[in-house]
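See below for the structure under consideration.
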Amino acid sequence: MGVPAFFRWLSRKYPSVIIECVEQKNTDDHGNVQYEDMSNPNPNRIEFDNLYLDMNGIIHPCTHPEDKPAPKNEDEMMVAIFECIDRLMNIVRPRKVLYMAIDGVAPRAKMNQQRSRRFRASKEAAEKATEVARIREELAAKGAILPPEKEKGSHFDSNCITPGTPFMDRLSKCLQYYIHDRMNNYPGWKDLKVILSDANVPGEGEHKIMDYIRKQRVQPDYDPNTHHVLCGADADLIMLGLATHETHFTIIREEFLPNKDRPCDICQQIGHEMKDCTGLQSERDMIRTPPGPGKETQFIFVRLNVLKEYLQKELDMPNLPFAYDFERVIDDWVFMCFFVGNDFLPHLPSLEIRENAIDRLITLYKKCVYKTRGYLTDSGSVVLDRVEMIMTDLGFAEDEIFRQRKVSEDRFKERNKRMRLQKERQQRPNFQHINNSQFAPTPLGRGVQPAAIVNARQEAAHFRMLGSGGGSGGSSATGGNEESEGGPRGMKRKAEEPLSVVVAEEEEKETPDEVRLWEDGFKDRYYESKFDVSPQNIKFRQTVAWEYVRGLCWVLRYYYQGCASWEWYFPYHYAPFASDFKHLENVNTHFDRGTPFKPLQQLMGVFPAASRSHVPPAFAELMVDPRSPIIDFYPIDFHIDLNGKKFAWQGVALLPFVDEKRLFRATDPKVPLLTQ
1 MGVPAFFRWL SRKYPSVIIE CVEQKNTDDH GNVQYEDMSN PNPNRIEFDN LYLDMNGIIH
61 PCTHPEDKPA PKNEDEMMVA IFECIDRLMN IVRPRKVLYM AIDGVAPRAK MNQQRSRRFR
121 ASKEAAEKAT EVARIREELA AKGAILPPEK EKGSHFDSNC ITPGTPFMDR LSKCLQYYIH
181 DRMNNYPGWK DLKVILSDAN VPGEGEHKIM DYIRKQRVQP DYDPNTHHVL CGADADLIML
241 GLATHETHFT IIREEFLPNK DRPCDICQQI GHEMKDCTGL QSERDMIRTP PGPGKETQFI
301 FVRLNVLKEY LQKELDMPNL PFAYDFERVI DDWVFMCFFV GNDFLPHLPS LEIRENAIDR
361 LITLYKKCVY KTRGYLTDSG SVVLDRVEMI MTDLGFAEDE IFRQRKVSED RFKERNKRMR
421 LQKERQQRPN FQHINNSQFA PTPLGRGVQP AAIVNARQEA AHFRMLGSGG GSGGSSATGG
481 NEESEGGPRG MKRKAEEPLS VVVAEEEEKE TPDEVRLWED GFKDRYYESK FDVSPQNIKF
541 RQTVAWEYVR GLCWVLRYYY QGCASWEWYF PYHYAPFASD FKHLENVNTH FDRGTPFKPL
601 QQLMGVFPAA SRSHVPPAFA ELMVDPRSPI IDFYPIDFHI DLNGKKFAWQ GVALLPFVDE
661 KRLFRATDPK VPLLTQ
């Protein structure tokens with residue numbers, strides 16, 4: 001979900017919302033997990049009625065896990081998925097309904113994000129393969145012991161987890177087998193109503209689940225005391241759960257553990273990063289099973305009824321000039337969270353969740369509501385004039401927000417610089433612990449250079465850990481922690497070069513920020529830099545802001561009523577400023593519903609050329625043939641704008657938007673060439 005760090009913010013601000021799940025399981029003599037009879041009372045001391053599985057949140061970690069060796073083949077992937085569902089069923093033990101929803105074809109507004117993710121994944125996989133080959137070559141030249149290289153084609157392309165691919169068809173058949181087996185052989189499944197909505201059914205998994213809940217709520221025999229449990233790691237599930245207004249709604253998800261240890265891509269051992277790999281200690285390590293994770297991930301419950309209690313206290317507003325309705329206030333809170341981030345719109349430049357953006361919006365809301373004399377939303381519709389009042393007040397604070405952000409960033413950089421220089425003076429590497437293979441003679445004529453020191457601070461920490469007798473542990477530097485530090489991969493320095501020189505070089509290599517939000521004139525520079533529009537074109541700013549407001553209306557309806565339009569999308573890579581939200585009463589909030597893309601059309605709209613093996617050959621040639629009328633949809637390389645961020649994964653992928661009319665004109669003639 002497009003709300004980075006939302007769950008971490010929520011768990012810190014409202015800690016009682018989260019409790020650990022209680023599991024009851026045993027292990028037999030062969031190490032196999034055995035669950036007790038699901039028909040027994042729930043060990044969590046609460047009986048749940050319906051369990052909803054957002055299956056993509058299960059499929060991805062089971063097919064390409066980050067903290068343990070990946071499954072060797074597709075059969076192992078399917079078994080891992082089955083085991084995960086078994087574990088969740090043992091924890092929740094639903095008594096009435098199990099709903100398994102796999103993402104189908106998504107609305108066009110979501111496809112743009114899917115396209116960005118898949119192009120990024122392909123780009124990162126190619127860069128990683130190049131880096132692995134380089135490091136292996138350097139280690140081999142030094143005489144290091146290395147495991148055999150992976151066979152070509154053995155890499156699992158996670159992009160195949162997209163509607164319309166052969167993999168998704170096979171997955172659906174395997175899940176149907178699994179369901180029939182469990183219902184016939186397991187007592188806890190006997191009286192369950194099991195629904196599988198696979199990738200052939202249009203819609204995102206979580207929104208198919210929401211549609212099902214909305215339909216059940218209007219049935220005459222619906223029980224308002226139904227206990228719902230929704231499984232998934234996306235932050236938007238919390239907002240979706242609140243949007244149902246159900247009394248008993250719980251999210252189950254894996255416990256968030258930042259910087260989990262990950263196997264090295266060279267030797268498959270845990271305890272170091274790929275750039276620090278020195279190979280295996282002996283040839284015997286080649287036949288050993290790579291170590292798995294040290295501890296099984298714990299599941300947690302996110303109790304939305306407790307979250308509501310927190311919000312009711314925080315959003316208390318006495319002496320309102322209209323009737324107070326807490327359920328309407330919840331709807332407004334959900335809506336305000338959209339400004340900080342969602343899957344369909346870029347977040348406003350002045351709102352960063354790490355800068356307490358949601359708290360800022362709540363403060364503005366509690367002040368403005370006395371002026372607006374009403375709520376921001378009404379049953380999934382946006383009251384535009386009231387939203388404009390809040391955005392106007394936020395716009396007045398934008399200058400100060402940007403200046404304070406700059407002060408905080410400079411203070412953070414200065415503190416890091418002092419810490420690095422202090423470490424340089426304190427530490428002395430203990431070379432006797434370094435693997436002797438690093439000093440093996442380099443064969444003549446190879447022209448191989450010593451391995452690059454990629455990140456000076458981490459290299460120093462590595463030596464310090466060796467000197468203190470450590471050596472185990474360690475974590476990925478790019479595992480999603482916003483405070484992690486990653487240096488340019490190509491950076492090299494001589495052994496005798498002082499760390500202070502490296503610090504200076506890193507500072508010089510920082511991407512210059514040509515917008516400079518903290519200085520006067522930032523709006524002119526922003527639109528000129530990000531949109532390539534003249535500062536004098538004020539009308540364009542209004543166009544972007546109005547389209548963004550249309551997007552907010554679309555997202556709210558999507559959460560509360562279902563998909564308002566399969567075709568609408570926000571046609572820009574960047575958001576406007578809050579101060580640009582003017583004359584919103586003139587915004588057109590009507591949407592043409594349209595129809596979803598067909599699965600093959602979506603594949604052609606979101607896949608990079610590197611994933612063309614998952615589409616029929618007749619379609620695949622459109623991705624690589626220089627004469628293809630849509631070859632520009634599949635750039636080999638593309639720019640990632642850091643946009644004030646530190647890491648590439650936080651930046652904006654500047655991919656061209658797909659023109660669906662051109663896409664259909666190019667693909668429709670290929671349909672008769674399909675064989676099945």
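Residues 1 to 676 (full-length UniProt numbering) make up the sequence shown, in order.
Glycine is no exception: its CB is placed at the ideal position from the N, C-alpha and C atoms.
Within a Cβ cutoff of 6 Å, which residues of the same chain sit near residue i, ignoring the five residues on either side of it in sequence?
| i | result |
| --- | --- |
| ALA106 | GLU204 |
| GLY232 | ASP54, GLY57 |
| PHE664 | none |
| GLY188 | MET38, SER39 |
| ALA610 | SER122 |
| LYS406 | TRP518 |
| ASN588 | none |
| PHE326 | GLN312 |
| PHE402 | LEU517, TRP518 |
| THR372 | ARG386, MET389 |
| TRP9 | ILE353 |
| ILE265 | Looking at the sequence itself, residue 265 is Asp, so the reference to Ile does not match. Excluding positions up to five away in sequence, the list reads VAL132, MET274. |
| PHE339 | LEU348, LEU351 |
Within the continuous alpha helix (DSSP H) that includes residue i, where are the two ends?
| i | result |
| --- | --- |
| HIS227 | No alpha helix (DSSP H) holds HIS227; the beta strand (DSSP E) holding it covers 227-231. |
| PHE156 | Segment: none, PHE156 is in no alpha helix (DSSP H) and carries neither H nor E. |
| residue 680 | In the structure as shown, the chain starts at 1 and stops at 676, and residue 680 therefore has no counterpart that could be examined. |
| ILE81 | 74-92 |
| ARG541 | 538-560 |
| PRO274 | First, the residue type needs correcting, since residue 274 is Met and not Pro in the sequence shown. No alpha helix (DSSP H) holds MET274; DSSP gives it neither H nor E. |
| SER11 | 6-13 |
| MET604 | 599-606 |
| ASP169 | 166-185 |
| residue 698 | Nothing about residue 698 can be reported from this structure: the residues present for the chain run from 1 to 676 only. |
| ALA666 | 660-667 |
| GLY241 | 236-243 |
Compare the C-alpha of residue i against each of the options and name the closest.
| i | options | result |
| --- | --- | --- |
| residue 677 | PRO187, MET100, ALA144 | Lying outside 1 to 676, the shown extent of the chain, residue 677 is not represented and no answer is given. |
| GLN24 | GLN34, ASP198, HIS30 | GLN34 |
| ILE300 | GLU255, PHE322, ASP332 | GLU255 |
| PHE638 | ILE630, PRO629, GLY644, ALA648 | ALA648 |
| PHE597 | LEU584, PHE619, TRP566 | TRP566 |
| ILE390 | GLN404, ALA578, ARG415 | ALA578 |
| GLU74 | CYS62, LEU655, ILE270, HIS180 | CYS62 |
| PHE249 | LYS308, ALA133, PRO220, LEU192 | LYS308 |
| ASP103 | ASN586, SER172, PRO147, ARG95 | SER172 |
| LYS72 | GLU124, LYS150, GLU20, ARG8 | LYS150 |
| ASN356 | VAL369, CYS337, ASP343 | CYS337 |
| TYR52 | TYR222, LEU237, ALA125 | LEU237 |
| PRO202 | PRO599, ASP668, LEU642 | PRO599 |
| GLU83 | ARG95, CYS174, GLN113, PHE167 | CYS174 |
Starting from residue i and walking both ways along the beta strand (DSSP E), at which residues does that stretch end?
| i | result |
| --- | --- |
| TYR35 | 33-35 |
| THR27 | 25-27 |
| GLU254 | 248-254 |
| VAL302 | 299-303 |
Within the same chain, show all residues whose beta-carbon is closer than 7 Å to that of residue i, passing over the 5 residues directly before and after it, in chain order.
| i | result |
| --- | --- |
| GLN438 | Its pLDDT being 47, under 50, GLN438 is placed unreliably in this model, and the value from its coordinates should be taken loosely. Correct list, in chain order: LYS142, THR278. |
| ALA575 | LEU345, PRO346, HIS347, LEU348, PRO349, TYR548 |
| TYR560 | ALA243, SER379, GLY380 |
| TYR634 | PRO608, ALA609, MET623 |
| LEU240 | GLU206, MET210, TYR559 |
| GLU514 | ARG525, SER529 |
| CYS553 | VAL382, THR589 |
| GLU398 | SER350, PHE577, ALA578, SER579 |
Tell me the DSSP bridge mates of residue i?
| i | result |
| --- | --- |
| MET100 | LEU53, LEU196 |
| ASP641 | VAL652 |
| ASP378 | SER381 |
| LEU280 | ILE145 |
| ILE18 | VAL302 |
Sorted by chain position, which residues of the same chain lie with C-beta nearer than 8 Å to residue i's C-beta, five sequence neighbours on each side aside?
| i | result |
| --- | --- |
| TYR324 | MET317 |
| ARG446 | Below a pLDDT of 50, predicted positions are generally treated as unreliable, and ARG446, at 43, falls in that range; no measurement from the model is reported. |
| LEU146 | ARG136, LEU139, ALA140, ILE266, CYS267, GLY279, LEU280 |
Please indicate yes or no: does the CB of residue i lie closer than 7 Å to some heavy atom of the ligand GTP?
| i | result |
| --- | --- |
| LYS523 | Absence of the ligand GTP from the depicted structure is noted, as is the absence of any ligand whatsoever, leaving it without description. |
**Prompt:** Looking at C-beta atoms only, is the number of pairs between the segment 531-549 and the segment 563-580 that lie closer than 8 Å three or more?
**Reply:** yes
**Message:** With a threshold of 8 Å, are at least 3 pairs of Cβ atoms found where one atom belongs to the segment 354-362 and the other to the segment 324-337?
**Reply:** yes
**Asked** Is there contact between the segment 527-537 and the segment 75-92, where contact requires at least three CB pairs shorter than 8 Å?
**Response** no
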